[in-house]
């Protein structure tokens, strides 16, 4: 059972454009939603995270939008740069467990063309 | 801090052999996680430890897989006997407390032929 569904699988954006990646979850016990960025040959690294008591969180060019009623959240990358080219994973964790015990989406390969 | 350190970075072994993957968490971190990454199944949690004690091993696929954490600075994931379908990238991660982010190592790419 895939508890966190991520789309699209791949995304191509021009430099300066907006990249949008979407995730949907099923389990209402989830209460922490991080996004991880992974470069080839490296481990995932935390990019930004949100809890369901807020609808949006912004850090620099990266914004998470969260819709609790729809059980959906998305990552927006403004002014996308070639250096943003990587695989992005959304994730979720159940309340009462460690922030490291995560259920991951399938990942989105982002390519930003110069 | 050097971050989470995993060894080896790459491992190629023959089917039926024993494989041991190693992890050194970030000093002072209480939690240690083992994840597996494949194209088909993505990133999956195998097992995690808190203060060297296994808390949840429900993600361990079979009895062929075992994990230990003999002390706060070292953990192993062992596969015996290994099979071609075990080929994947195995990540170790650690976190300071329950509600702090997990930091991932660079992973071990395992190929079983």
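Residue numbers (the working numbering), protein chains in the order written: chain A, 1 to 114; chain B, 115 to 227.
Glycine residues also receive a C-beta, built at the ideal position from the N, C-alpha and C atoms.
If you're wondering where the values come from, they're calculated on a predicted model, not measured in any experiment.
| query | result |
| --- | --- |
| Chain B residues whose Cβ lies nearer than 8 Å to that of residue 106(A) | 156 |
| Sheet register partners of residue 136(B) (DSSP bridge) | 121(B) and 190(B) |
| Residue span of the beta strand (DSSP E) that contains residue 40(A), given as start and end | Unbroken run through residue 40(A): none, as it is neither H nor E. |
| Whole-angstrom distance between residue 134(B) and residue 119(A), CA atom to CA atom | Past the edges of chain A, shown from 1 to 114, lies residue 119(A), and the structure says nothing about it. |
| Chain A contacts from the region 206 to 217 of chain B (Cβ-Cβ distance under 7 Å) | 207, 209, 212, 213, 214, 215 and 216 |
| Partner residues on chain A for residue 84(B), Cβ-Cβ distance less than 7 Å | Residue 84(B) falls outside the range modelled here, since chain B spans only 115 to 227, and no answer is possible. |
| Cα-Cα separation, residue 159(B) to residue 18(A) | 31 Å |
| Near-chain A residues of the region 166 to 184 of chain B - C-beta to any C-beta below 9 Å | 169 and 170 |
| Where residue 93(A) falls: helix, strand or coil (DSSP) | strand |
| Where the region 42 to 65 of chain A meets chain B: residues whose CB sits under 9 Å from a CB there | 42, 43, 44, 45, 46 and 49 |
| The beta strand (DSSP E) enclosing residue 116(B), as first and last residue numbers | Note, residue 116(B): premise wrong, no beta strand (DSSP E); not H, not E. |
| Residues sharing a beta bridge with residue 81(A), DSSP | According to DSSP, which records beta bridges pairwise, residue 81(A) is partnered with nothing at all. |
| Interface residues of the region 122 to 147 of chain B facing chain A [CB-CB below 7 Å] | 145 and 147 |
| Local Cβ density within 10 Å of residue 193(B), reported as buried at 16 or more and exposed below that | buried |
| Close beta carbons around residue 5(A), own chain, < 6 Å, minus the five adjacent residues each side | 24 |
| For residue 150(B), the three-state DSSP class (helix, strand or coil) | strand |
| Chain E within 8 Å of residue 162(B), Cβ atoms only | The chain inventory of the structure shown lacks chain E, comprising the protein chains A and B. |
| Beta-carbon gap between residue 99(A) and residue 35(A) smaller than 8 Å | no |
| Beta-carbon spacing of residue 101(A), residue 171(B) below 8 Å | no |
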